[in-house]
Structures are given as structure tokens and as C-alpha cells.
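Data first, discussion second: the structure below is written as C-alpha cells.
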Amino acid sequence: NQLGFMVVGIGVGTEMALNGTVSHAFAHLLYKALLFMSMGAVLYRTGTIQATELGGLYKRMPWTTVFCIIGAASISAFPLFSGFVSKSLILTAVADGHYTIIWIGLLIASAGVMEHSGIKIPFFAFFAHDTGKHRDCKEAPLHMLLAMGGAAFLCVFLGAYPKPLYSILPYAVDYQPYTSSHVVTQLQLLLFAALAFGVLLKTGIYPPEKESVNLDFDWTYRKALPSLVESLDRTGTRVWGRLLDTAQDGLQALHRGIYHLTGPEGVFARTWSTGSIALSAALMLGGYLLFYFFY
Numbered sequence: 013n014q015l016g017f018m019v020v021g022i023g024v025g026t027e028m029a030l031n032g033t034v035s036h037a038f039a040h041l042l043y044k045a046l047l048f049m050s051m052g053a054v055l056y057r058t059g060t061i062q063a064t065e066l067g068g069l070y071k072r073m074p075w076t077t078v079f080c081i082i083g084a085a086s087i088s089a090f091p092l093f094s095g096f097v098s099k100s101l102i103l104t105a106v107a108d109g110h111y112t113i114i115w116i117g118l119l120i121a122s123a124g125v126m127e128h129s130g131i132k133i134p135f136f137a138f139f140a141h142d143t144g145k146h147r148d149c150k151e152a153p154l155h156m157l158l159a160m161g162g163a164a165f166l167c168v169f170l171g172a173y174p175k176p177l178y179s180i181l182p183y184a185v186d187y188q189p190y191t192s193s194h195v196v197t198q199l200q201l202l203l204f205a206a207l208a209f210g211v212l213l214k215t216g217i218y219p220p221e222k223e224s225v226n227l228d229f230d231w232t233y234r235k236a237l238p239s240l241v242e243s244l245d246r247t248g249t250r251v252w253g254r255l256l257d258t259a260q261d262g263l264q265a266l267h268r269g270i271y272h273l274t275g276p277e278g279v280f281a282r283t284w285s286t287g288s289i290a291l292s293a294a295l296m297l298g299g300y301l302l303f304y305f306f307y
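With positions in the sequence shown counted from 1, the corresponding number in the working numbering is that position plus 12.
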């Protein structure tokens, strides 16, 4: 979703669009790292980050909860958070270029990331029904809190005061993100997305939590590739075994044939008369002469 905004900014190609792409990449590093760190702290303390195993952690991990919410608000581009001051540059550049369909698509994408990362992650980890499996869970260690606190501070600072971020962009920035139209449009979009989530959840329409395994690309080299290698190994072993059996049977048949000819009772072991030997030699010589003549 976030990379999609950056690709659109590059595609538009104006100075504002490219400034928005660079600033969004910078902001993205901060809030995405913050979300990863907050979930990493949950994983460190609980041993899992599956939504069906969590819930109610705000009581035991309050600081981690706050930092996760800041990361979620930033990635959702709430006003006063870093994602807003960078994403609005791209949206404005798209609108100025009269790419109406693209602009509408980006608004839909903003609502989607609000539902997925802005609501689902903090809600199901920290505020959903308490499973009771982590009653002894403690707050994240101090060094984790310091790292999350630093990233959270930058997300809020750059969102409220974007000039330091704008000053390092490739082109000069003459842009004010906090206009009434920008703020109202973004708040309407995000708050109605949150309202839709709440209504669907309360009415039971929202899909229930189910224990499952989400397959990612790592499944190909953790599971599929070892299974393929093991299957090929079994197949190769069977084929090699059959080839060895066939070769052994052929060697045994050859041995029997040679033994039949040269064994104690074989044809070549018999006592031949002198006349028979002379006749055989004459026939062989005659055959050789015929072959030589016609060849």
C-alpha cells in the first residue's frame, strides 16, 4: 500500500510528486519500524503475535500500546502524524495533474490501510477480548521502550512540524499540508473507515477470528522445497534401486550363458574329434574368404 503511493508519485513525476515520494519513503521507515518494534515487543513478551492468542494487553503493556497507536496513526496519515505530511504531497500532486481515477484509488487505499494497519493491529493485539493466556505478561524491556519512544517522537514531531523533513527533499517545497480542505478530507476518510469497522464488528458482520496459518513466501523454502527434495530423493532411490536390480539380473543371465558355453558341461568344454576341428576351421576360412571377396 505505502509503496504504491511512492510508485504513483514517481509516475506523476512532478517536483511535488517526487518530493512526496521521497518524504513518504522517509516517514515510512519510521512508522513501519515503530509498528514492527511494537509487535516485536509483544512477541518477545507473549511468544506469539497471532490475533487469536492476544487481546487486553493494554493493561500489561501500556507504553507499547501507546507507541503502537502512534505508528498506526502515522501509517494511516492522521493529521499531526508523519504519514499525513508526506502522503498529502502525493495526493496533491495527483490532484493537480487531474488524475481523477488515480486520486480516487489512492483515497480508497488510504481507507484500506486505516482498516488493516491503523485499526486491526492495535485493536486485536491490545484491546480485543482478553484471552487470559498472558496474565503474567510484563511491559517491554527498557531498551525496547527507548527505541520505540525515539521512533514515536519522530513520527509526532515531523507530523506536527514538517519543515525539517521538507528541508532535505530534492526540490524546494512551497507547500502547506495543514489547510482546512486537507485536514477535513483526511479526517472524514479515516473516521468513516473507523466507523465502518466498528459497525461491522458490533453487528457481527466482520469476519470472526479463526486460528489459522498465513502462508508467506518463506513457505516455499521452509516447507515446499524440502518436501520436493525429499520426494526427488525417494524417487531417485527407487529408480536407482531398480536400475541396479536390472543390471544385476542382466549380469546373472550373462554369467549363466557364459557358464553354459564354457562350464564343465558346456559346449566348448567337450572333446572334439580332429575331423570336426578341421571342418570347423575350413568353414571359418571359407566364410572369411567369401566376406573378403564381396567386401
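Note that beta-carbon positions come from the ideal geometry of N, C-alpha and C, so glycine has one too. Every value quoted in this text rests on a predicted model; they were computed, and no experiment measured them.
Buried/exposed call for residue i, threshold 16 Cβ in 10 Å
{"i": "residue 288", "result": "exposed"}
{"i": "residue 183", "result": "exposed"}
{"i": "residue 96", "result": "buried"}
{"i": "residue 253", "result": "exposed"}
{"i": "residue 202", "result": "buried"}
{"i": "residue 36", "result": "buried"}
{"i": "residue 104", "result": "buried"}
{"i": "residue 308", "result": "In this structure the chain extends from 13 to 307, so residue 308 is not present and cannot be described."}
{"i": "residue 122", "result": "buried"}
{"i": "residue 266", "result": "exposed"}
{"i": "residue 269", "result": "exposed"}
{"i": "residue 205", "result": "buried"}
{"i": "residue 299", "result": "exposed"}
{"i": "residue 262", "result": "exposed"}
Check whether residue i and residue j have beta carbons under 8 Å apart
{"i": "residue 15", "j": "residue 167", "result": "no"}
{"i": "residue 216", "j": "residue 142", "result": "no"}
{"i": "residue 54", "j": "residue 87", "result": "no"}
{"i": "residue 172", "j": "residue 49", "result": "no"}
{"i": "residue 85", "j": "residue 93", "result": "yes"}
{"i": "residue 231", "j": "residue 157", "result": "no"}
{"i": "residue 82", "j": "residue 29", "result": "no"}
{"i": "residue 185", "j": "residue 118", "result": "no"}
{"i": "residue 102", "j": "residue 229", "result": "no"}
{"i": "residue 26", "j": "residue 109", "result": "yes"}
{"i": "residue 63", "j": "residue 242", "result": "no"}
Option nearest residue i by Cα separation, candidates the options
{"i": "residue 181", "options": "19, 24, 34", "result": "34"}
{"i": "residue 218", "options": "105, 136, 62", "result": "136"}
{"i": "residue 57", "options": "24, 151, 233, 206", "result": "151"}
{"i": "residue 98", "options": "191, 196, 199, 178", "result": "178"}
{"i": "residue 127", "options": "51, 89, 28, 272", "result": "89"}
{"i": "residue 111", "options": "23, 257, 291, 27", "result": "23"}
{"i": "residue 9", "options": "191, 47, 146, 148", "result": "This structure leaves residue 9 out entirely; the chain is present only between 13 and 307."}
{"i": "residue 120", "options": "260, 65, 200", "result": "200"}
{"i": "residue 115", "options": "198, 155, 214", "result": "198"}
Cβ-Cβ separation, residue j to residue i (assumed contact under 8 Å), whole Å
{"i": "residue 189", "j": "residue 100", "result": "5 Å"}
{"i": "residue 134", "j": "residue 77", "result": "7 Å"}
{"i": "residue 187", "j": "residue 138", "result": "Actually they are not in contact, since the Cβ atoms of residue 187 and residue 138 sit about 35 Å apart, beyond 8 Å."}
{"i": "residue 149", "j": "residue 73", "result": "7 Å"}
{"i": "residue 223", "j": "residue 145", "result": "Their Cβ separation, rounded to whole angstroms, is 13 Å, which puts residue 223 and residue 145 out of contact at 8 Å."}
{"i": "residue 170", "j": "residue 39", "result": "7 Å"}
{"i": "residue 195", "j": "residue 91", "result": "5 Å"}
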